[in-house]
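**Student:** Starting off with a structure, shown below.
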Amino acid sequence: MYKMLVIEDEPATIYGIKTAVNWERLDVIICGEASNGLEAYPLIEDLSPDIILCDIRMPKMDGITLISEIQPRYPGIKVIFISGYSDKEYLKKAIKLNVVDYLYKPLELSELIQAVEKAKKACRMHITAQNIPDNNLALNLIQEGWHPSMDVNRLPIRLNESLITVIAKFNVSLDSSLENESITLNRYLPDFQEIFSEAFRKLYVASPLNNSLILHANLPSDPLQCRESFHRLNELFGLAQGAARHMTMGISNPVESAASLKESFQQARMAVHSSFLTGYGKQIFYRDLSRTPFRPSPDLENRFFHQISVNNMATAIDFLEDYIDYMKKCRPEDIPAIKDELASIFFRLNQELKGQEGMERSFVTETINYALEITDIQKYLMRLLKQILSQINNLDNKGRIIFDTEKYILENYDNDLSIQKIADHVFITPTYLCHLYKTKTGRTINQFILEVKMNKSRKLITETNMKIKEISEKMGYSNQNYFTRTFTKYFGVTPSTFRNKRL
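Numbering (the working numbering), first residue to last: 2 to 504.
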């Protein structure tokens with residue numbers, strides 16, 4: 002909806018303008034009114050109107066003076082002058098100011114509507130073409146030593162006030178369906194620019210770059226208005242529709258002036274980069290990025306590949322899911338190391354599969370490097386694990402019962418587990434389940450349940466700020482002291498000592 006500010010010193014004229022036209026049907030809202038230029042000046046900054054309907058002759062500050070003052074700063078506002086005087090000098094000045102139309106009083110309803118429609122069209126054209134003459138301006142502003150050749154006061158942003166950088170990026174992968182959509186930023190640019198104008202009150206510059214849009218904008222000083230600006234930016238995902246799942250938006254911390262735009266650009270780029278871990282289709286603020294460094298798991302050999310070698314696939318799958326969840330919480334700077342670790346796991350799993358030892362290394366590298374998200378790689382790894390599981394089950398049908406038993410325990414360790422419940426789940430008697438499990442694995446079901454609870458407890462102790470009492474309850478222990486004794490016996494140290502050693 003277009004916002005229109007009415008500036009007129011005759012109350013009767015203002016009343017007629019407001020009531021004679023169904024502005025809502027014209028997609029226009031009268032956002033404010035003023036009786037002279039001095040009164041209107043602060044309203045223009047606060048309300049960011051698209052259109053100004055302005056009397057020429059007014060006390061204190063006339064329309065010509067007002068529009069001459071605001072046009073350099075707000076070139077996107079379209080102006081319609083109204084006057085009760087057929088004065089050629091005023092008309093000449095209005096033409097020089099490049100106003101949309103010049104209407105005489107008493108206003109004709111059809112002429113007013115026609116003039117507003119012209120102003121709306123001019124607004125649309127301005128939004129579409131806004132950055133064409135200077136479409137490298139946002140990029141140039143982050144270059145060291147570069148200064149705009151135009152008058153700083155005519156720039157659409159205020160270089161000496163608080164600024165942020167936003168990068169909106171479409172991420173193209175090997176996904177053939179995405180390639181068929183031929184996603185390019187140009188397809189969405191006009192609509193995106195309209196949202197940017199509303200979100201930042203036209204105080205922004207943007208540069209398209211491949212499938213990205215780099216934007217610098219002045220933030221409102223009011224925190225509530227800031228939140229509203231970011232809320233408006235979320236509409237970009239709605240405009241992109243199905244393609245939004247391939248789009249991400251990185252938002253920097255505010256910087257004090259344009260002198261620090263290179264820093265804010267790097268922050269926004271890091272936020273976009275982190276979408277590999279956090280996922281796409283949303284805003285990612287630099288301030289929210291993880292600072293946790295990635296450290297390869299020391300348990301990878303024993304708790305993952307050893308479990309596969311002894312056919313404990315449920316435990317192996319559980320470990321992999323936990324390990325990737327940990328990766329997702331690490332800092333984006335470590336994404337290359339995370340990808341290396343995933344590639345290593347990929348190759349090792351491939352070696353476990355019979356008849357597929359010849360998988361090309363280039364295929365694995367391409368799969369890892371071109372995956373949009375870590376969850377895409379996780380799907381590949383889980384597929385390999387399922388293929389390994391199928392091989393095992395083809396050799397021993399009882400292996401499926403063991404797998405289903407362990408998988409049920411891993412998924413329900415924090416519930417009230419009993420041998421009866423587990424046996425019911427796998428459709429055999431408790432006695433036969435205990436015998437089969439002991440025969441196939443060399444340990445009892447209760448020993449496995451204890452192992453799961455202790456390993457999950459260890460993870461919560463080292464990776465969360467949960468209290469020991471809360472962890473005890475989550476593991477199904479009603480008595481914290483009993484949990485502490487069990488944990489101490491299993492790991493050789495108390496939960497508190499274990500936590501302090503990892504700090």
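Using N, Cα and C, we set each Cβ at its ideal position, and we do this for glycine too. Treat the numbers as computed from the prediction; the structure is a model and nothing was measured.
Name the two residues that bound the continuous beta strand (DSSP E) containing Met455.
**Tutor:** No beta strand (DSSP E) holds Met455; the alpha helix (DSSP H) holding it covers Ile446 to Glu464.
**Student:** Compare the Cα-Cα distances from Leu156 to each of Tyr75, Tyr42, Ile8 and Ser276 and report the closest residue.
**Tutor:** Tyr75
**Student:** Can you tell me whether Thr485 is helix, strand or coil according to DSSP?
**Tutor:** helix
**Student:** So what's Thr20 in DSSP terms, helix, strand or just coil?
**Tutor:** helix
**Student:** Give the straight-line distance between the Cα atoms of Val453 and Arg159, rounded to the nearest whole angstrom.
**Tutor:** About 58 Å.
**Student:** Pick helix, strand or coil for Asp56, following the three-state DSSP scheme.
**Tutor:** strand
**Student:** Given that a residue counts as buried once 16 or more other Cβ atoms are within 10 Å of its Cβ, and exposed if not, what is Met250?
**Tutor:** Around the Cβ of Met250, a 10 Å sphere holds 16 or more other Cβ atoms; the residue is buried.
**Student:** Below 8 Å on the Cβ atoms is my contact criterion, and I expect Ile378 with Leu278 to pass it. Report the Cβ-Cβ distance as a whole number of Å.
**Tutor:** So it is not a contact: roughly 11 Å between Cβ atoms.
**Student:** If we ignore side chains and look at the alpha-carbon of each, how far apart do Ala317 and Thr368 end up?
**Tutor:** 22 Å
**Student:** If you draw a straight line from the C-alpha of Thr489 to the C-alpha of Leu461, how long is it?
**Tutor:** 15 Å
**Student:** Based on the DSSP secondary-structure assignment, which residues constitute the bridge partners of Thr166?
**Tutor:** His217
**Student:** Do Ile403 and Lys439 have their C-beta atoms within less than 8 Å of each other?
**Tutor:** no
**Student:** Using 8 Å as the cut-off, can you tell me whether the region 188-199 makes contact with the region 212-219, which would need three or more C-beta pairs spanning the two stretches below that distance?
**Tutor:** yes
**Student:** In whole angstroms, what is the alpha-carbon distance linking Lys61 and Tyr287?
**Tutor:** 47 Å
**Student:** Can you give me the Cβ contacts of Phe492 inside the same chain, cut-off strictly under 8 Å, excluding the 5 residues immediately before and after it?
**Tutor:** Listed in chain order, the non-local C-beta contacts of Phe492 below 8 Å within the same chain comprise Met455, Arg459 and Phe499, local neighbours out to five positions each way being set aside.
**Student:** State the Cα-Cα distance for the pair Ser163 and Phe305, rounded to the nearest angstrom.
**Tutor:** 50 Å
**Student:** Among the candidates Asn137, Asn172, Leu204 and Phe193, whose CA atom is the shortest distance from the CA of Ile165?
**Tutor:** Leu204
**Student:** Does DSSP put Phe201 in a helix, a strand or coil?
**Tutor:** coil
**Student:** Buried or exposed, going by whether 16 or more other CB atoms sit within 10 Å of the CB of Lys79?
**Tutor:** buried
**Student:** Lys441 by DSSP, collapsed to three states: which one?
**Tutor:** helix
**Student:** Assuming Ala41 is part of the alpha helix (DSSP H), what are its boundary residues?
**Tutor:** Gly38 to Leu48
**Student:** Along the chain, where does the alpha helix (DSSP H) containing Gln308 start, and where does it finish?
**Tutor:** His307 to Ser310
**Student:** Under DSSP, the beta strand (DSSP E) around Gly493 begins and ends at which residues?
**Tutor:** Segment: none, Gly493 is in no beta strand (DSSP E) and carries neither H nor E.
**Student:** Tell me which same chain residues have a C-beta within less than 7 Å of the C-beta of Glu257, skipping the five on either side of it?
**Tutor:** So the list reads Ser163, once near-sequence residues are dropped.
**Student:** With contact counted as at least three CB pairs below 8 Å, one residue from each stretch, are the region 2-14 and the region 31-42 in contact?
**Tutor:** yes
**Student:** State yes or no: is the C-beta of Lys475 within less than 8 Å of the C-beta of Asp415?
**Tutor:** yes
**Student:** Which residues in the same chain as Leu175 place their Cβ atom closer than 7 Å to its Cβ, once the five residues preceding and following it in sequence are excluded?
**Tutor:** Summary for Leu175: the model assigns pLDDT 34, below 50, so the residue's position carries little reliability; its value from the coordinates is reported in the next sentence. So the list reads Tyr371, once near-sequence residues are dropped.
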